[in-house]
Amino acid sequence: MASIDGLISGLDTTSIISSLMTLERKSGAYLSTGKSTSQSMVSTLQSLNSTMSSLADVARSFLTDSITKTSAWSTTTSGSTQPGLASVVSDGTAAPGSATFTVTSVATAGAAVSRGTVPSLSTAVTSAPVVLGKGLGAIGATALLPGTTLSAGGHTVRVTQGSSGATLSGVPLGSTVTIDAASAQLVVDTGSGPTTINLAAGTYTPSQLAAEVTRAAGGALRATIGADGSLALATTREGSAASLRVDTANAALGLSDTATTATGTDAVVAVDGVSTTLTDLSAGSSVTLPGSGTDQVVLSLAGGLRAGSATVADLGLAAGSTLGQVAAAVGTSAVGASASTVQVSAGAYRLQLTSASTGADSDLMLSAGAFGASGLGDLVELQAGTDTVLHVGTGPGAYDVRSSTASVTGLMSGVTITALKADPSTPVTTTVTGDTAAVADRMAALVAAANQALTFISSRSGYDADTKRSGALLGNSMTQLVTRRITDAAVGGQGTAPSAYGVSVGRDGQIAFDRTAFLAAYAKDPAAVRSTLTTMASTVADVATQASDPLDGYLTKQIGTEQDRVRDYTQQITAFEARMTMRESTLKRQYAALETALGTLKSQSDWLTAQLKTLPSTSSSG
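Going by my numbering, the sequence shown opens with residue 458, and the numbers climb by one from there.
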């Protein structure tokens, strides 16, 4: 296409077209202005939405959480009179209070060591399947016996019902009991006919009397003193096969019921969910507990079985495995233990096992005879797994609180006590007190968050006479409502005036917090302060949540509306620019055609001029 810069016409067609397009584009300027305004509004509303969301979070902290049942009002501090023996930490559910106790023991991990040694790590030691168990001692086992067969992986032995012996109790005893010739014989029937137990004459306290009955029974009975001060007799044989009846009344011992025959309680134990009921248990007896398929666990018992669980696993070692291989297999088993080979002297190595957890149920044992005649021998306890025990009180009602770890959570609600060192002779007192300073800090944070929202709205709701520009929120009824509701909450209503407790609204519309007044009021009447300011916080939380809720908040919805407008303006601007491009192209073609037409006319004019000059000239005389 020929140039359109007026070579023929002498016109500046480029400038003419540019001026024409500038005039035409002015008709679409409102689109860019509208898009910019909506973009600015989106940015403003997003910032306000974030501010309101933060305000909602702070305000809700003063409301009781439905799950944790705590709030900012629950803030407490805790302390220990003996931080070297026990430390204490409280959470939001802790109530003010105190507890005094002694640290009887701190939880330890069970450990065992081989009785004998072998000359090297490469010495073959296994002669039978090697099964490792943890926690078996705590449920009442003394040994894991040959005959135990298990598939690969860990297996659970769970005693869901502990056994007990047949038990009888008498009437409460006095502070002392005198045993003379007439009362020195206790005649009982444990199922095989009357048996006479001969007591030593003397004067006993109830606990001393229980010890004497246990001694004289020769292992057939255990005697204890009940909570009511009565003498209680129980057979050492446990399960429903055990029975007990007082054959001859003994008034000195408080035993006069000769008609009742008591029976023991069976044990219910399951291996991987396969349940077995055991009706006859006694010290030294063995039991076979079937599991799934061919799995079974064979145990030797210390007496009865106690509720709890243990873990057992076959280490998967073939006969002739070395000491080093045994140690490696222990470390990778599902039981949760580590093993080390200890060189105790030149050419002498022991196997030492340590539980990965602490507590009375962390004892370890290997199946008896697993090491045959290798010289390593069976395992013997190196360190008993123990619980942390806090002993509370010194009188007849004293009791223990136990935990399998160093941390104890059951003594005070919402409080974790960590035992650091055992010292049964030194009392430790832990205290929990309300932390009013922390509550004041949280209330100050709520006021600050509310003021931030109010300031944000105010700063964008004015008109600048110098620049002739109005704020993005000027005249916005939604934000005006938010401002009014927040300040109304701080003003309060009849009988609920936050100003009485340090929260007030100033002439500038800002909320003020008087920390001194708050603390004084809280110390005088914490219930009134909590009730009034919780009502205020609840209202503020509602206002802020209704504005900023991610789904239904009206700020959230307004942001979406403005974003839709931005997208619509963008589409309209794109279409307008397409029309302007087409119009400019049309003008360029028109002016190009004009120049072409003018060029043709000029050529014709030049040709006619040349032809006229060739015509003969004529003259005339007057």
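Virtual Cβ for every residue (Gly too), placed ideally from N, Cα, C.
Unbroken beta strand (DSSP E) run spanning residue i, endpoints
i    : result
I473 : First-last for I473: T470 to R482, but that is the alpha helix (DSSP H), not the beta strand (DSSP E).
G627 : G622 to P629
V616 : G611 to Q618
P881 : D880 to G891
Y958 : Per DSSP, Y958 belongs to no beta strand (DSSP E) and is neither H nor E.
A446 : No information on residue 446 is available, as it lies outside the stretch 458 to 1079 that the chain covers here.
A691 : S687 to E695
D857 : Y856 to S860
R763 : Where R763 is concerned, there is no enclosing beta strand (DSSP E), given that its DSSP letter is neither H nor E.
T556 : One detail in the question is off: residue 556 reads as Ala in this sequence, not Thr. Note, A556: beta strand (DSSP E), G554 to S562.
G536 : T533 to S537
L823 : L821 to L823
S635 : The sequence shown places Thr at residue 635, rather than the Ser named in the question. Note, T635: beta strand (DSSP E), V634 to I636.
T681 : L678 to I682
V846 : T845 to V849
S757 : Q753 to L758
Beta-carbon contacts of residue i that lie in its chain and below 7 Å, excluding the five residues immediately before and after
i     : result
A459  : Reliability fails at A459, whose pLDDT of 43 lies under 50, so the model's placement of it is uncertain and the value that follows must be treated cautiously. Excluding positions up to five away in sequence, the list reads A1049, E1052 and T1053.
E1019 : S495, M498, V499 and L502
K419  : Residue 419 is absent from the structure shown; the chain starts at 458 and stops at 1079.
G1079 : Caution is warranted here: a pLDDT of 45 is assigned to G1079, below 50, making its placement in the model unreliable, and no coordinate value can be reported.
G573  : G832, L833 and G834
D522  : S528
R517  : A998
Q937  : none
T647  : A677, T692, S700 and L701
G683  : S626 and A689
L488  : Y1026, Q1029, I1030 and F1033
V904  : V960, I968 and F970
Cβ-heavy atom distance, residue i to the ligand ATP, below 7 Å
i    : result
S831 : You won't find the ligand ATP in this model; it holds no ligand whatsoever.
Segment limits, alpha helix (DSSP H) that includes residue i
i     : result
N506  : A486 to R517
T1043 : Y1011 to T1071
G659  : Unbroken run through G659 is the beta strand (DSSP E), G659 to Y661; no alpha helix (DSSP H).
R942  : S934 to V948
P983  : P983 to S1005
L931  : Counting along the chain, L931 falls outside any alpha helix (DSSP H), and DSSP gives it neither H nor E.
Q782  : L780 to G788
L746  : Segment S743 to P747 is the beta strand (DSSP E) holding L746; no alpha helix (DSSP H) there.
G952  : Taken as a continuous stretch (DSSP letters only), G952 belongs to no alpha helix (DSSP H), as it is neither H nor E.
A876  : No alpha helix (DSSP H) contains A876, which is instead part of the beta strand (DSSP E) from V872 to A876.
I596  : L593 to I596
Residues near residue i by beta carbon distance below 8 Å, same chain, minus five either side
i     : result
D1063 : none
S915  : T940 and G966
F975  : A897, M900, Y958, G959, V960 and V986
V783  : V582, T583, V587, L772, L774, A796 and L808
T693  : G622, G676, A677, L678, R679, S739, A740 and G760
T550  : T525, K526, T527, S531, S870 and G871
A600  : L756, S757, M822 and A825
Whole-number beta carbon distance between residue j and residue i, since they are thought to touch under 8 Å
i     : j    : result
T779  : T580 : 6 Å
R763  : I596 : 5 Å
A895  : T557 : With 8 Å as the limit, A895 and T557 do not qualify as a contact, their Cβ atoms being about 25 Å apart.
A566  : G804 : So it is not a contact: roughly 29 Å between Cβ atoms.
T705  : T717 : With a Cβ gap of about 14 Å, T705 and T717 do not count as contacting.
A658  : I636 : 5 Å
T873  : V546 : 5 Å
T1080 : T989 : Nothing can be reported for residue 1080, as the shown portion of the chain is limited to 458 through 1079.
Opposing strand residues paired with residue i [DSSP bridges]
i    : result
E838 : A569
S732 : A727
S797 : Q809
N707 : L712
E771 : It is worth fixing the name first, because residue 771 is Asp in this sequence and not Glu. For D771, which the question treats as bridged, DSSP gives the partners V588.
L701 : A719
N908 : DSSP lists no partner for N908.
A969 : S961
P651 : D646
Y920 : S927
L738 : E695
Residues of its chain near residue i, where Cβ-Cβ distance is below 6 Å and the 5 sequence neighbours each way are ignored
i     : result
L643  : I654 and N707
R615  : A727 and S766
V792  : L589, K591, T768 and A770
Q1003 : none
D820  : G567, G594 and G842
G536  : T888
Contact between the stretch 612 to 625 and the stretch 696 to 704 (3+ Cβ pairs under 8 Å):
yes
Using 8 Å as the Cβ pair cut-off and three pairs as the minimum, do the stretch 861 to 877 and the stretch 902 to 916 touch?
no
Count the CB pairs spanning the stretch 846 to 856 and the stretch 501 to 515 that are closer than 8 Å, and state whether there are at least three.
no
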